[in-house]
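So the protein sequences, as listed, match chains A, B and C.
Quick note, the first sequence lines up with residues 11 to 216 if you use the numbering used here.
Quick note, the second sequence lines up with residues 28 to 196 if you use the numbering used here.
Quick note, the third sequence lines up with residues 8 to 203 if you use the numbering used here.
Glycine included, every Cβ here is placed at the ideal spot set by N, Cα and C.
A short write-up of the structure that comes next.
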Amino acid sequence: MLPLKRLTAILFGLGLVIAFVPENTTKQYKLTAGEMLTEIQFGTEMVSSDELADWLINKDPSIQLIDIRTPKEYEQFHLDNAINIPLNQILEDEWVDYVDQGIKMNIFYSNGTTLSHEAWMITRQLGYENNYVLQGGLNYWTETILNPSIPSPYSADDEIAKYEFRKGASQYFGGDVKSSTSQSKSKASKPKIKRKKKKKAPQGGC
Amino acid sequence: MKTKYMNPYLAGVLLGLVLLSAFYFTGRGLGASGAVKSMVVTAVETVAPEHTADSGFYSKYAGDGKNPMKSWLVFEVLGVLVGGFLSGALAGRLKLKVEHHPNITSKKRLILAGIGGILFGYGSQLGRGCTSGSALTGMAVLSLAGFVTMMAIFGTAFALAYFFRRNWI
Amino acid sequence: MGPLIPQEIIAEGWNFFIAFVVGVGFGFVLEQAGFSSSRKLAGVFYGYDTVVLKVFFTAAVTGMLGLLYFSLFDWIDLNLVWVNPTFLWSAIIGGIIMGAGFIIGGYCPGTSVCALSIGKIDAMVFFGGIFIGIFLFGEFYEIIKPLYMAEYLGNIKLSDVLGVSQGTLAFFVILVALGMFYVAEIAEKKFPRKEY
């Protein structure tokens with residue numbers, strides 16, 4: 011009977027603890043709604059058009075533009091070196107290497123910001139990092155970078171400086187919207203990535 | 028009372044640790060009947076390859092360059108064979124014999140063992156695993172199937188015990 | 008951390024080697040516990056020897072607690088541990104057939120391998136029976152298939168069915184197991200017993 015008594019004591023104790031300890035439900039690489047809210051509130055996912063223009067002018071190699079609109083819209087106009095991942099395809103295996111990677115900075119854009127934000131939310135919720143949204147979308151890009159409006163002479167200095175930058179950028183990007191379509195058709199190269207290893211589904215059974 | 032076997036609770040804990048190490052290393056539990064299934068599939072494939080391809084059951088495990096013998100459970104059961112032999116050798120229990128109750132003859136015992144084996148083999152396929160594969164492993168991961176199978180096996184055996192008592196007591 | 012092979016912390020090539028080592032441990036413990044004797048195994052159904060009950064439930068509870076504690080300490084990802092799928096009717100009927108096979112044949116597949124390794128001829132015959140049984144299942148698969156596939160509930164856990172946490176269920180299983188152990192001790196005293 012002694013072994014049984016010992017066993018009883020151990021099992022009862024361990025069992026009691028495990029019954030009242032909260033389960034380890036940490037789901038790796040996933041965000042809670044609260045964490046998402048914090049990110050949105052601080053706008054950490056946003057990239058302003060000026061920032062983007064600066065990076066593009068400096069040919070920052072770590073930038074990957076992703077056009078989230080339909081292929082038709084993409085054909086008509088898209089930013090240089092942008093690749094096209096229509097929103098309804100964002101979860102497809104084909105694109106996983108682009109949207110779930112730790113090397114390049116993906117910037118989603120659409121005409122406004124609704125589609126690109128949706129794409130960001132979906133991928134962020136999956137725990138993918140390095141995805142951002144172009145603030146204001148293409149409309150704002152055209153408005154501020156391609157056709158910057160001249161500030162009134164009484165504007166603050168930094169407004170004028172901004173205008174100067176935008177004017178330069180506008181020239182760099184070809185000024186007018188129509189002429190700004192892609193000259194280079196070269197498709198962006200897939201980042202060579204160290205993607206998190208895909209876990210295998212558990213196996214077993216008789 | 029003196030016993031020649033290990034204390035059952037200690038053996039149980041050790042068996043539980045073996046099971047846990049299987050989970051920790053490979054993410055899967057123990058099993059036995061699956062290895063016999065691999066043998067059956069291999070045998071059928073050798074004798075009648077076309078039949079194997081036609082069958083909805085065998086074709087799941089054979090063909091397309093699949094080798095049914097190259098399965099986790101086959102290697103695990105080979106280990107059981109070695110482990111059991113080692114333990115038997117250490118304890119001096121290696122002996123070729125038919126173990127049976129004095130009430131019944133060796134022949135009857137062998138016939139019953141054969142019938143029992145057939146039933147167990149059939150049931151293990153229907154129930155997707157035997158005592159070790161479905162009941163023990165299943166209970167450890169708290170699977171519904173594990174508990175259901177365990178209760179069905181032990182419940183039935185208890186319910187039928189009366190009818191087969193002459194063979195055992 | 009774990010399980011190591013599905014996460015490729017240990018190379019896939021080690022899988023079969025680990026299977027073999029795990030099997031050696033499995034067979035050794037079974038034999039040490041006396042599972043190589045059909046008369047000892049069948050004893051549980053008549054109360055004269057309850058080693059099956061004790062070893063089986065102690066092992067299940069140990070494995071269960073181990074997994075839950077490993078998960079608690081982040082040593083194992085339970086999402087990568089195989090949970091056998093529940094097909095309700097085939098699990099019940101298959102279990103009933105296995106139960107009949109158990110009381111008639113005196114072994115289960117794992118214990119028969121263990122017993123035949125030390126020279127039990129009845130275990131060899133039982134093993135041959137399993138072979139035939141699986142062959143019959145394979146040959147008449149199409150007939151039984153509707154039952155085999157019925158009531159699929161997924162890779163579901165009992166704790167989800169009952170709506171309790173896994174820890175709570177484990178604690179409950181421990182209480183039931185301990186209760187049975189005390190009953191078993193009483194039964195063994197009550198029924199005269201000779202060690203086989």
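Comparing C-alpha positions only, which one of the options sits nearest to residue i?
i: C:Val180; options: A:Arg16, A:Ala63, A:Phe22, A:Pro32; result: A:Phe22
i: B:Ser98; options: B:Ser65, B:Ser86, B:Met177; result: B:Ser65
i: A:Asn231; options: A:Leu101, A:Tyr138, A:Glu104; result: Shown here, chain A extends from 11 to 216; a query on residue 231 of chain A therefore has no answer.
i: C:Gln173; options: C:Leu72, C:Tyr148, C:Ala191, C:Leu87; result: C:Leu72
i: B:Gly160; options: C:Val28, C:Trp82, C:Gly102; result: C:Gly102
i: B:Gln152; options: B:Val63, B:Gly39, B:Asn34; result: B:Val63
i: B:Met177; options: C:Leu165, C:Met8, C:Phe178; result: C:Leu165
i: C:Ile125; options: B:Ser133, B:Leu171, B:Ala118; result: B:Ala118
i: B:Leu163; options: B:Asn34, B:Leu37, B:Tyr36, B:Leu42; result: B:Leu42
i: A:Val109; options: A:Ala43, A:Gly122, A:Ser126; result: A:Ser126
i: C:Gly34; options: B:Val125, B:Ala49, B:Phe112, B:Pro35; result: B:Phe112
i: C:Val28; options: B:Thr69, B:Lys31, B:Val109, B:Ala179; result: B:Val109
i: B:Gly165; options: B:Gly92, B:Gly54, B:Lys134; result: B:Gly54
i: A:Glu55; options: A:Pro212, A:Asp167, A:Phe118, A:Glu174; result: A:Phe118
i: A:Lys82; options: A:Leu156, A:Ile95, A:Gly147; result: A:Ile95
i: B:Ser114; options: C:Gly32, C:Phe133, C:Leu60; result: C:Gly32
i: A:Gly178; options: A:Gln51, A:Leu101, A:Asn68; result: A:Asn68
Can you pull the chain B neighbours of residue i, defined as C-beta to C-beta under 9 Å?
i: A:Gln213; result: Thr53, Gly54, Arg55, Trp99
i: C:Ile178; result: This sequence places Phe at residue 178 of chain C; Ile is not what is there. Those do not exist, as C:Phe178 stays about 12 Å from chain B at its closest Cβ, beyond 9 Å.
i: C:Tyr114; result: Ala140, Gly143, Gly144, Phe147
i: C:Phe77; result: Leu47, Phe50, Tyr51
Going along chain B, which residues have a C-beta under 8 Å from residue i?
i: C:Thr93; result: Ser170, Leu171, Ala172, Val175
i: A:Leu14; result: Tyr36
i: C:Thr65; result: Pro35, Tyr36, Ala38, Gly39, Val40, Leu42, Gly43
i: C:Tyr55; result: Ile196
What residues of chain B sit near residue i, judged by a beta carbon separation below 7 Å?
i: A:Leu26; result: By Cβ distance, chain B contributes nothing, its closest Cβ being about 17 Å from A:Leu26, past 7 Å.
i: A:Leu17; result: Tyr36
i: C:Val183; result: Those within 7 Å of C:Val183 in chain B number zero; the least Cβ separation is about 11 Å.
i: C:Ala49; result: Trp195
i: C:Phe52; result: Ala184, Phe185, Ala188
How would you list, in chain order, the residues of chain A whose beta-carbon sits under 8 Å from the beta-carbon of residue i?
i: C:Leu154; result: None at all; the shortest Cβ gap to chain A is about 18 Å.
i: C:Phe198; result: Correct list: empty, because the minimum Cβ distance to chain A is about 17 Å.
State the CB to CB distance for the pair residue i and residue j, rounded to an integer number of angstroms; the pair is presumed to be in contact (CB under 8 Å).
i: C:Gly108; j: B:Gly150; result: 6 Å
i: B:Ile131; j: B:Asn194; result: 6 Å
i: A:Ile76; j: A:Ala63; result: Not quite, the Cβ-Cβ distance comes to about 17 Å (not below 8 Å), so this is no contact.
i: C:Met156; j: C:Phe94; result: 7 Å
i: B:Tyr51; j: C:Leu11; result: 7 Å
i: A:Val57; j: A:Tyr164; result: Contact doesn't hold; Cβ gap of about 30 Å is too wide.
i: C:Gly117; j: B:Val107; result: 7 Å
i: C:Ile137; j: B:Ser60; result: 7 Å
i: C:Gln14; j: C:Leu85; result: Not confirmed; about 13 Å, so no contact.
i: A:Thr154; j: A:Ser59; result: 5 Å
i: A:Leu14; j: B:Tyr32; result: With a Cβ gap of about 16 Å, A:Leu14 and B:Tyr32 do not count as contacting.
i: A:Ala43; j: A:Ile78; result: Rounded, the Cβ-Cβ distance is 23 Å, inconsistent with contact.
Using a cut-off of 8 Å between C-beta atoms, extract the partners of residue i located in chain C.
i: B:Glu103; result: Ala26, Phe27, Val29, Gly30, Phe33
i: B:Gly115; result: Glu38, Ser43, Ser124, Ile125, Gly126
i: A:Val31; result: Leu79, Gly174
Since residue i meets chain A, which of its residues come closer than 7 Å, beta carbon to beta carbon?
i: C:Val68; result: Leu21
i: C:Ser119; result: None at all; the shortest Cβ gap to chain A is about 14 Å.
i: C:Val88; result: Pro212
Give the interface partners of residue i over in chain A, defined as CB-CB distance under 9 Å, in chain order.
i: C:Ser97; result: Ordered by position in chain A, no residue passes the 9 Å Cβ test against C:Ser97, which lies about 13 Å from the chain.
Could you name the residues of chain C that residue i contacts, counting a contact when the two beta carbons are closer than 7 Å?
i: B:Gly154; result: Ser97, Ala98, Gly101, Gly102, Met105
i: B:Met96; result: By Cβ distance, chain C contributes nothing, its closest Cβ being about 11 Å from B:Met96, past 7 Å.
4 or more residues per run - each alpha helix (DSSP H) lying fully within the stretch 159–189 of chain C: Runs found: 165–169.
Continuous alpha helix (DSSP H) assignments of at least 4 residues falling wholly in the stretch 94–132 of chain B: If we require 4 residues or more, the alpha helix (DSSP H) runs fully inside the stretch 94–132 of chain B come out as 99–118.
Where the stretch 131–153 of chain C meets chain A: residues whose CB sits under 7 Å from a CB there: When CB distances to chain A are screened at a threshold of 7 Å, not a single residue of the stretch 131–153 of chain C falls below it.
Short-range partners of chain C found in the stretch 124–152 of chain B, where Cβ spacing is below 9 Å: Only those residues of the stretch 124–152 of chain B whose C-beta falls short of 9 Å from the nearest C-beta of chain C are listed: Lys124, Val125, Glu126, His127, His128, Ser133, Arg136, Leu137, Ile138, Leu139, Ala140, Gly141, Ile142, Gly143, Gly144, Ile145, Leu146, Phe147, Gly148, Tyr149, Gly150, Ser151, Gln152.
Complete runs of the alpha helix (DSSP H) confined to the stretch 56–86 of chain C [at least 4 residues]: Entirely contained in the stretch 56–86 of chain C, the alpha helix (DSSP H) runs reaching 4 residues are, in chain order, 58–79.
Segments of 4+ residues assigned as alpha helix (DSSP H) that fall wholly inside the stretch 127–157 of chain A: Contiguous alpha helix (DSSP H) elements confined to the stretch 127–157 of chain A occur at 147–151, taking only those with 4 or more residues.
Alpha helix (DSSP H) runs contained entirely in the stretch 134–188 of chain B, provided each spans 4 or more residues: As far as the stretch 134–188 of chain B is concerned, its whole alpha helix (DSSP H) runs of at least 4 residues are 164–167, 171–188.
Whole runs of the alpha helix (DSSP H) within the stretch 90–142 of chain C, excluding any shorter than 4 residues: Fully enclosed alpha helix (DSSP H) runs of 4 or longer: 95–112, 116–124.
Inside the stretch 30–87 of chain B only - alpha helix (DSSP H) runs reaching at least 4 residues: Segments of the alpha helix (DSSP H) lying fully in the stretch 30–87 of chain B: 35–53, 60–74, 76–81.
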